[in-house]
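Right, one structure below, let's go through it.
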Amino acid sequence: MSADLTTTSAADLSRALQAGDLSSAEVTRAYLDRIAADDGELGAYLHVDAEAAVTSAEAVDAARAAGEELGPLAGVPLALKDVVVTAGVPTTSGSRILEGWRPPYDATLAAKLKAAGTVLLGKTNMDEFAMGSSTENSAYQVTRNPWDRDRIPGGSSGGSSAAVAGGLAPWSIGTDTGGSIRQPAALTGLVGHKPTYGSVSRYGLVAFSSSLDQAGPMARTVLDAALLHEAIAGHDAHDSTSIDCPVPVLAEAARRGAEGELAGLTVGVVRELGGEGHTDGYEDGVLDRFSAAVALLESMGAEVREVSCPAFDLALPAYYLIAPSEASSNLARFDGVRYGLRVGDDGSRDLDEVMALTREQGFGPEVKRRIILGTYALSAGYYDAYYGQAQKVRTLITRDFTSAWDDVDVLVSPTSPTVAWSIGARVDDPIAMYAADLCTLPASLAGVPAISVPCGLSEGLPVGFQIMAPALADDRCYRVAAALEAAQDAARGHRLLDELGAKENTAS
Amino acid sequence: MSTDTLVEYGELLTRYEPVIGLETHVELGTASKMFCGCSTTFGAEPNTQTCPVCLGLPGSLPAANAAAIEATIRIGLALGCRIATWSRFARKNYFYPDIPKGFQTSQYDEPLCTAGHLDVEVEGETYRVEIERVHLEEDTGKNLHVGGSTGRIHGADHSLVDYNRAGIPLVEIVTRPIPGAGAKAPEVAKAYVTELREILLALGVSEVRMEQGNLRCDVNTSLAPIGSLEWGTRTETKNVNSLRSVERSVRFEMRRQAAVLDAAERVVQETRHFHEDTGSTSSGRSKEEATDYRYFPEPDLVPIAPDEAWVEELRAGLPELPAARRTRLSDEWGISPTEMAWLVNAGAVELVSDTVAAGASPGDARKWWLGELARRANDAGTDLTELAVTPAQVAELIGLISAGTINDQLARQALDGVLAGEGDPSAVVEARGLAVMGDSDELVAAVDAAIEGNPDVADKVRGGKVQAIGALVGAVMKTTRGKADAATVKRMLEERLISS
Amino acid sequence: MSTPSPKGQLTRDEVAHLAHLSRLAVSDEELDLFAGQLAAVLDAVAQVGKADVADVPPTTHAVPMTNVMRADVARPSLPRDVVLAGAPAAEDDRFRVPRILGEEA
Numbered sequence: 004m005s006a007d008l009t010t011t012s013a014a015d016l017s018r019a020l021q022a023g024d025l026s027s028a029e030v031t032r033a034y035l036d037r038i039a040a041d042d043g044e045l046g047a048y049l050h051v052d053a054e055a056a057v058t059s060a061e062a063v064d065a066a067r068a069a070g071e072e073l074g075p076l077a078g079v080p081l082a083l084k085d086v087v088v089t090a091g092v093p094t095t096s097g098s099r100i101l102e103g104w105r106p107p108y109d110a111t112l113a114a115k116l117k118a119a120g121t122v123l124l125g126k127t128n129m130d131e132f133a134m135g136s137s138t139e140n141s142a143y144q145v146t147r148n149p150w151d152r153d154r155i156p157g158g159s160s161g162g163s164s165a166a167v168a169g170g171l172a173p174w175s176i177g178t179d180t181g182g183s184i185r186q187p188a189a190l191t192g193l194v195g196h197k198p199t200y201g202s203v204s205r206y207g208l209v210a211f212s213s214s215l216d217q218a219g220p221m222a223r224t225v226l227d228a229a230l231l232h233e234a235i236a237g238h239d240a241h242d243s244t245s246i247d248c249p250v251p252v253l254a255e256a257a258r259r260g261a262e263g264e265l266a267g268l269t270v271g272v273v274r275e276l277g278g279e280g281h282t283d284g285y286e287d288g289v290l291d292r293f294s295a296a297v298a299l300l301e302s303m304g305a306e307v308r309e310v311s312c313p314a315f316d317l318a319l320p321a322y323y324l325i326a327p328s329e330a331s332s333n334l335a336r337f338d339g340v341r342y343g344l345r346v347g348d349d350g351s352r353d354l355d356e357v358m359a360l361t362r363e364q365g366f367g368p369e370v371k372r373r374i375i376l377g378t379y380a381l382s383a384g385y386y387d388a389y390y391g392q393a394q395k396v397r398t399l400i401t402r403d404f405t406s407a408w409d410d411v412d413v414l415v416s417p418t419s420p421t422v423a424w425s426i427g428a429r430v431d432d433p434i435a436m437y438a439a440d441l442c443t444l445p446a447s448l449a450g451v452p453a454i455s456v457p458c459g460l461s462e463g464l465p466v467g468f469q470i471m472a473p474a475l476a477d478d479r480c481y482r483v484a485a486a487l488e489a490a491q492d493a494a495r496g497h498r499l500l501d502e503l504g505a506k507e508n509t510a511s
Numbered sequence: 018m019s020t021d022t023l024v025e026y027g028e029l030l031t032r033y034e035p036v037i038g039l040e041t042h043v044e045l046g047t048a049s050k051m052f053c054g055c056s057t058t059f060g061a062e063p064n065t066q067t068c069p070v071c072l073g074l075p076g077s078l079p080a081a082n083a084a085a086i087e088a089t090i091r092i093g094l095a096l097g098c099r100i101a102t103w104s105r106f107a108r109k110n111y112f113y114p115d116i117p118k119g120f121q122t123s124q125y126d127e128p129l130c131t132a133g134h135l136d137v138e139v140e141g142e143t144y145r146v147e148i149e150r151v152h153l154e155e156d157t158g159k160n161l162h163v164g165g166s167t168g169r170i171h172g173a174d175h176s177l178v179d180y181n182r183a184g185i186p187l188v189e190i191v192t193r194p195i196p197g198a199g200a201k202a203p204e205v206a207k208a209y210v211t212e213l214r215e216i217l218l219a220l221g222v223s224e225v226r227m228e229q230g231n232l233r234c235d236v237n238t239s240l241a242p243i244g245s246l247e248w249g250t251r252t253e254t255k256n257v258n259s260l261r262s263v264e265r266s267v268r269f270e271m272r273r274q275a276a277v278l279d280a281a282e283r284v285v286q287e288t289r290h291f292h293e294d295t296g297s298t299s300s301g302r303s304k305e306e307a308t309d310y311r312y313f314p315e316p317d318l319v320p321i322a323p324d325e326a327w328v329e330e331l332r333a334g335l336p337e338l339p340a341a342r343r344t345r346l347s348d349e350w351g352i353s354p355t356e357m358a359w360l361v362n363a364g365a366v367e368l369v370s371d372t373v374a375a376g377a378s379p380g381d382a383r384k385w386w387l388g389e390l391a392r393r394a395n396d397a398g399t400d401l402t403e404l405a406v407t408p409a410q411v412a413e414l415i416g417l418i419s420a421g422t423i424n425d426q427l428a429r430q431a432l433d434g435v436l437a438g439e440g441d442p443s444a445v446v447e448a449r450g451l452a453v454m455g456d457s458d459e460l461v462a463a464v465d466a467a468i469e470g471n472p473d474v475a476d477k478v479r480g481g482k483v484q485a486i487g488a489l490v491g492a493v494m495k496t497t498r499g500k501a502d503a504a505t506v507k508r509m510l511e512e513r514l515i516s517s
Numbered sequence: 015m016s017t018p019s020p021k022g023q024l025t026r027d028e029v030a031h032l033a034h035l036s037r038l039a040v041s042d043e044e045l046d047l048f049a050g051q052l053a054a055v056l057d058a059v060a061q062v063g064k065a066d067v068a069d070v071p072p073t074t075h076a077v078p079m080t081n082v083m084r085a086d087v088a089r090p091s092l093p094r095d096v097v098l099a100g101a102p103a104a105e106d107d108r109f110r111v112p113r114i115l116g117e118e119a
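Protein sequence lines correspond, in order, to chains W, H and Y.
Residues in the first sequence are numbered consecutively from 4, following the numbering used here.
Residues in the second sequence are numbered consecutively from 18, following the numbering used here.
Residues in the third sequence are numbered consecutively from 15, following the numbering used here.
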């Protein structure tokens, strides 16, 4: 199976590894070869340590040969978004201010994946401190969309989306604060899931907005995403907002969903997210693909009805107050005292001046904009009008979800109002950039789980379908996503991502 | 250092009335820090008690220490506070190298405890100090200033930071303004901190060693003309770190502010620093702008919502508090409040109590701790508690005296041995041969020798001048080097010279 | 920032003050750029003010939890050489920083 290793699903790799049909070193080398060949142009990775990857792959192979009991993920390679703290492995969160920092500890999810025997291929590019929707805010490099290399791969987890869609990793961990897993997944034809807030430990994720950040899987199939999600979920005493409940059964939900039986399921289509009277900024192609997918769900037995969630209209302003406010505080620790960059310490300047120069040169423009905005929103005299008000709007959004759950099992919408746009098109217009998150923000603010699953192409570029579920009902997202994925794959006779491979073959 | 003009204390009181207020920070004596598992042991090598959390490394998150939260609630209960049913941590955002996250995790508008009080006594009068709030936060690291002549920040070339202290749980206890203390304001301030310290010790929540910075006071002082309806502008004297300094700093600020007001100038609202050496305060150079701390609820921690069962459980577990204990002990020991006040001032209440518990009579225990032992402590320049003798040993010493094994003079010699680390009193008495002689042959010989050696005196006694017997007793005591019991010696001499 | 300006207005001076408060030595060009961009952003986010939130409590966590605490147990700290390994400057086993101006400690 060597020729197809880098397009094989992680679930199939896992099976082959367990059966002994494949060695971890083989699959790891296959990916490293692809990275060596293609990442120069794609720009998905910030850090790759080929030697370390092969060494850990060989260790898994040796353990397997010795008859050791290994988990299902043992030997499967993996990429981590560079926001994930990894012991001894450079971690920058896409920022100059952390250039060269080698953390002395592992994030909880990194430790879990390490213990599961996964092989770390490298750390992927991202918008600086996860602030962005295009990965153009990385301090290091631009990442290209494998579907059209003149376009952005989404963001902030754009390195992860480009790597997985481009065949440079079988799957990856991303983080989602306002849509940073779902939107890049949508724009590259992947499955990306933002778990219920608190169900995956945030310990060791470089914080952007503490009350919103969640890590989750980005994968080529719904089943892969479920398997990776199960590997990182669970209570963690190091994260006080971590929910103490059993790890959800997700892979099973995905397998069951793939059977395509949705009778008894009620699907709510959110009017405020691309519905009647709310189509401004939505591309026709996106709305068409979305409607077709809704019809497909209906054809599988789901009952579909429209649901109105009026407070969702305020999700964008609320989010762009809450996230920058928390970020302004979370990023205060980057002061050049204990780690990372220090600028201007030549004996002529005092500490305040050195701190201000360090932060001025260590942070990019978007980060600085948000720090200033957040500092403003938290200031005495403005707190109630901005941060306080936004937190109340958050309650209204949560109430809209809660009342929707009285009538429907899941809510659906497009993941992104548009397909991937051209590199550079929105860099000077923060408002246009922020609009990319329109559909993903409500679930972020309410902390409920949401998945993006591909629902076809528009102008040759992937469109994502978002499924939102009540808190802790992540399994519903996987079930419905798997049903949709299976029905579409069956209809077209192949996976959507296969069309990317075909496209590349035509191109070369 | 100070060029301030000062007004005589007695004089200023004829024109001005003070209002004081105190913010007291107490480092809790938990095993681990507030939000991580690092040890809190004092005096460790720099930066050896740190981890990703208390260093503020990217990605790290806080996990609140249950013991610190319970200790804070217990302090609140001991101060008669209302315990919040909903309380949150908040971020206090500012930049300083000793705070590793760029914010201090503290509490803002939702503290754990509010609205309590503490009654303190000064010279027989009781003053009620209202407590505004008790909240929980984390301590900062320590900056060491290098290159300046004085180790102070001014003129320093650079600074060095040690984060061992960063993250140690810190309870802040804030009083409401205390008016009406008049001339006693400095003493009331000191009495408040003293009583607070006693309570914290009784609760066992902190070692409260002021010299180690376990308890640090910021003292607010203002003056207003007598009869004025408005309070004056206050200054905040930071880091007043001994009981005596609390009193001195208030007294100094009152004298300084009186001079400012006398000159028809305005007192500047500012932070001031207390100098132990001169007993004066100096301006802390107020910052160019008021800092905007941008408080907001800490999103990495969830609210603390103490329910009634939890609070009542903590209340039930409170020890007897110092004031109640003092009243009870006064009754049990049959002493007056004034006598109890002496014991409190000497820091001897617990020592006497423990000595009584070890079998001594209250009178003897008080006599030894306030007398001989207080003298020893004074000579050594230490507190009573730091003397190398335990209440049990003192009780044993007293027991030896009561049994007649030793007398007071021998007991002092025995105490020398105990303090020198020679063991318990009976062991020292044995080893040093300090026991009083009974009707031993040695004593009989010494008595006989005294009569033989002083025939004139003996004759006087025989002749009826009974009071002359003292000289013979003295002679016996001299030859026995104090080991004889004077009463016994006198009886033996009388038997020989009078009865026969 | 002595008196709050009307919502949606963010002057260049205010941006400069906020930059100072957040320890960002922004250049003059950046000040001009940010002031314009932030005014537009602020205009957009000020829409939260439209919501009728009388009697609506704020949400701080998606899944409400209280009293999450850990037992008071000391655990090993990091070795000091690891602690100081990432420091931009260290001296005498401590983190070294340039001279501190400001309030006397």
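Beta carbons are placed, not taken as given, at the ideal position from N, Cα and C, and that holds for glycine.
Note that the structure is predicted; figures quoted are calculated from it, not measured.
| Asked | Found |
| --- | --- |
| Nearest to W:Glu71 (by Cα), restricted to the options W:Leu25, W:Gln21, W:Ala113 | W:Gln21 |
| C-beta atoms of W:Gly237 and W:Lys115 nearer than 9 Å | yes |
| W:Ala110, DSSP secondary structure in three states | coil |
| Test: Y:Val111 CB closer than 9 Å to a CB of chain A | This model lacks chain A altogether; the protein chains it does include are W, H and Y. |
| Whole-angstrom C-beta distance between W:Thr443 and W:Gly182, which should lie under 8 Å | 3 Å |
| Proximal chain H residues relative to Y:Val87, where beta-carbon distance stays under 7 Å | Ala48, Ser49, Gly54 |
| Within 9 Å, strictly: CB atoms of W:Gly512 and W:Ser164 | Outside the displayed range of chain W (4 to 511) lies residue 512 of chain W, so it cannot be described from this structure. |
| H:Glu154 - partner residues in DSSP beta bridges | H:Leu187 |
| When W:Ala318, W:Asp179, W:Gln186 are compared against W:Ser137, the one with the closest alpha-carbon | W:Gln186 |
| Proximity below 9 Å, CB of W:Leu290 to CB of W:Pro473 | no |
| W:Gly207: contacting residues in chain H (beta-carbon distance under 7 Å) | Gly76 |
| Same chain, Cβ closer than 8 Å to H:Leu417, neighbours up to 5 away in sequence not counted | Ile423, Ala428, Ala431, Pro442, Ser443, Val446 |
| Secondary structure of W:Asn512, DSSP reduced to three states | The first residue shown for chain W is 4 and the last is 511, placing residue 512 of chain W beyond what the model contains. |
| Contact with chain H by Y:Ser91, beta-carbon distance below 9 Å | yes |
| Cβ shell of W:Ala56 (< 6 Å), same chain only, five flanking positions each side left out | Thr31, Val122, Leu124 |
| Whole-angstrom C-beta distance between H:Ser49 and H:Asn82, which should lie under 8 Å | 6 Å |
| Sheet register partners of H:Asn82 (DSSP bridge) | Y:Arg84 |
| Distance CB(W:Ser243)-CB(H:Ala88) smaller than 9 Å | no |
| W:Ala82 and W:Thr11 closer than 9 Å at C-beta | no |
| Residues of the region 129-158 of chain H with Cβ closer than 7 Å to any Cβ of chain Y, in chain order | none |
| Inside the region 245-293 of chain W only - alpha helix (DSSP H) runs reaching at least 4 residues | 254-260 |
| Euclidean distance between Cα positions of W:Leu73 and W:Tyr342 | 37 Å |
| Amino acids of chain H, ordered along the chain, whose beta-carbon sits closer than 9 Å to that of Y:Asp107 | Glu62, Pro63, Asn64, Thr65, Leu177, Asp179 |
| Closest residue to W:Asp42 among W:Ala166, W:Thr111, W:Asp24, W:Asp7 (Cα-Cα distance) | W:Ala166 |
| W:Asn148 in three-state terms, based on DSSP | strand |
| Residues near W:Val79 in its chain [Cβ-Cβ closer than 6 Å; skip 5 each side] | Ala13, Leu16, Ser17, Thr121 |
| Contacts that H:Ala81 makes with chain Y (C-beta to C-beta distance below 8 Å) | Val82, Met83, Arg84 |
| 8 Å Cβ cut-off: residues of chain W touching Y:Leu115 | Asp353, Leu354, Asp355 |
| Cβ pair count under 8 Å reaching 3, the region 41-57 of chain H against the region 177-187 of chain H | yes |
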